Amino acid sequence: MKKDKKNSFNTPEGYFESFHDRLKDRIQHEAGEEESIIPKTDGFGVPEHYFETVVPNILSRTTEEKGKVVRLRPKRYFYYGAAAVAAVFILVFSGIWNSGAEPIGFDDLANTEIDTYFDNNRIDMSSYELAEMVSFEDIQLNDILEEDLSGEVILEYLDENVNDLRDLNIEYIDYE
Amino acid sequence: MIAEETLVQELKDKESQAKAFEVLVNTYKERLYWHIRRIVLDHDDADDVLQNTFIKVYRNIDGFKGDGKLYSWMYRIATNESLTFLKQKSKKMGIGDQELKERMVENLEADVYFEGDAIQLKLQKALAELPDKQKLVFTMKYFQEMKYEEISEVLETSVGALKASYHLAVKKIEAYLKAD
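Protein chains in written order, with this note's numbering: chain A, 172 to 347; chain B, 256 to 435.
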């Protein structure tokens, strides 16, 4: 078979070298598989050896948990929950009732410090621990307030300040 | 690798619990960390939430009935813990959810544990504009390469709805990245 040696056509420089890549791009484009402009990685890093050090941290927290476990009868369980709610109310509302009327004096120092602490720190105390620290054997919430708290005020407070009802330990729902 | 069913049984048995829990933490720490990190963005926050997630798993393992997969259950706890953490953070700072997300992205620029370039930072800005669910679906599918069936178990949403969410998220992100 004779070859046509009188071919007078030319191609742009590098045409055949880049043909494969251009063909691949066209096939991808027509198949709707155009490469996304979204980056493949998101750029987050972790401190060196983080994944080795986090394990003992978690395991030590479970050991602490074991030490804290106390079996409670349902009635007592509810009592501690209620006492914990009362403790939180006293700490929060005593600050609100006292504020604004008079400048803060020495006697108020403890409350303001406690309020600041609660504002600035994540409190990891459980309701059991709170209940154990503050004794409410013979005291009612309204005994320490100048005005009685109505049910509506309490509900409003709980609605605004409690994210998870389990925090109150009134009702306990497992993750299932 | 230990079978999941065996691991659950060992976790519920007081005798083998400690050892089994260590295996569980070692098996899932990285996957859960990255899932959490992509929600809370900051490493220290992610560390806190990761530890809380495992503690919740430890406390509630007896309530795990085994009718779903263990990792789905753990991912669900991690997701809830992360979202609750952000809610508490915004409340503590006295700002709205959206403002918090914007601040979190702004903070990334000075974050030593964020090595992203300009486009990766822009991606985070785009993600901050998405509704929580769309963002979750996108990161779980795109970065964690989870299957729709797996995401469906975690987020308790149908596969069809997840596909729609993902498609919508991709379109929004691409549009954001293309914009000047």
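Virtual Cβ for every residue (Gly too), placed ideally from N, Cα, C.
Keep in mind the model is a prediction, meaning the values are calculated, not measured.
Is residue i near the ligand GDP, with its Cβ less than 6 Å from a heavy atom?
i: M329(B); result: No copy of the ligand GDP occurs in the structure displayed, which carries no ligand at all.
So is residue i buried or exposed if we call it buried at 16+ other beta carbons inside 10 Å?
i: D302(B); result: buried
i: L279(B); result: buried
i: L194(A); result: exposed
i: A275(B); result: buried
i: D330(A); result: exposed
i: G371(B); result: buried
i: V241(A); result: Note that V241(A) scores a pLDDT of 47, beneath 50, so its modelled location is shaky; the value from the coordinates is reported in the next line. Burial call: exposed.
i: I406(B); result: buried
i: A424(B); result: buried
i: H298(B); result: buried
i: A419(B); result: exposed
i: L266(B); result: buried
i: T212(A); result: exposed
i: G322(A); result: exposed
i: Y290(B); result: The question names Tyr, but residue 290(B) in the sequence shown is His. Its Cβ being crowded by 16 or more others within 10 Å, H290(B) is buried.
i: E411(B); result: exposed
i: L341(B); result: buried
i: K390(B); result: buried
By the criterion of Cβ-Cβ separation under 9 Å, what are the contact partners of residue i in chain B?
i: V226(A); result: E277, V280, N281 and K284
Looking only at DSSP bridge pairs, what is residue i linked to?
i: L393(B); result: Checking the displayed sequence, the identity of residue 393(B) turns out to be Phe instead of Leu. Bridge partners of F393(B): none, in fact.
i: F215(A); result: F369(B)
Would you kindly report the start and end of the unbroken alpha helix (DSSP H) that includes residue i?
i: N315(B); result: H298 to N315
i: Q399(B); result: Run containing Q399(B): none; DSSP gives neither H nor E here.
i: F340(B); result: L325 to M348
i: D330(A); result: G322 to N332
i: F276(B); result: Q272 to V295
i: N362(B); result: D352 to L363
i: H422(B); result: V414 to K433
i: E265(B); result: E259 to K267
Is it true that the CB of residue j sits closer than 7 Å to the CB of residue i?
i: Y431(B); j: K396(B); result: no
i: V360(B); j: S337(B); result: no
i: V263(B); j: G318(B); result: no
i: Q375(B); j: P210(A); result: yes
i: T233(A); j: Y313(B); result: yes
i: I345(B); j: V409(B); result: In the sequence under discussion, the amino acid at residue 345(B) is Ser, which differs from the Ile named in the question. No, Cβ-Cβ distance for S345(B) and V409(B) is not below 7 Å.
Run through chain A and tell me which residues come within less than 7 Å of residue i, C-beta to C-beta.
i: E429(B); result: S207, I208 and I209
i: R292(B); result: F215
i: K433(B); result: I208
i: E370(B); result: G214 and G216
Mind listing the chain A neighbours of residue i? Cutoff is C-beta to C-beta under 8 Å, in chain order.
i: L338(B); result: Simply none; closest approach about 10 Å.
i: E270(B); result: Near E270(B) there are no residues of chain A at all, since even the closest Cβ is about 14 Å away, more than 8 Å.
i: Q375(B); result: P210, T212, D213 and G214
i: L378(B); result: I209, P210 and D213
i: D302(B); result: Y221 and V225
For a contact defined as C-beta to C-beta under 8 Å, what are the partners of residue i on chain B?
i: G185(A); result: Near G185(A) there are no residues of chain B at all, since even the closest Cβ is about 30 Å away, more than 8 Å.
Quick one: list the residues of chain A neighbouring residue i, beta-carbon separation under 9 Å, in chain order.
i: H298(B); result: F215, G216, V217, P218 and Y221
At a CB-CB cut-off below 7 Å, which residues of chain B make contact with residue i?
i: I229(A); result: V280, Q306 and F309
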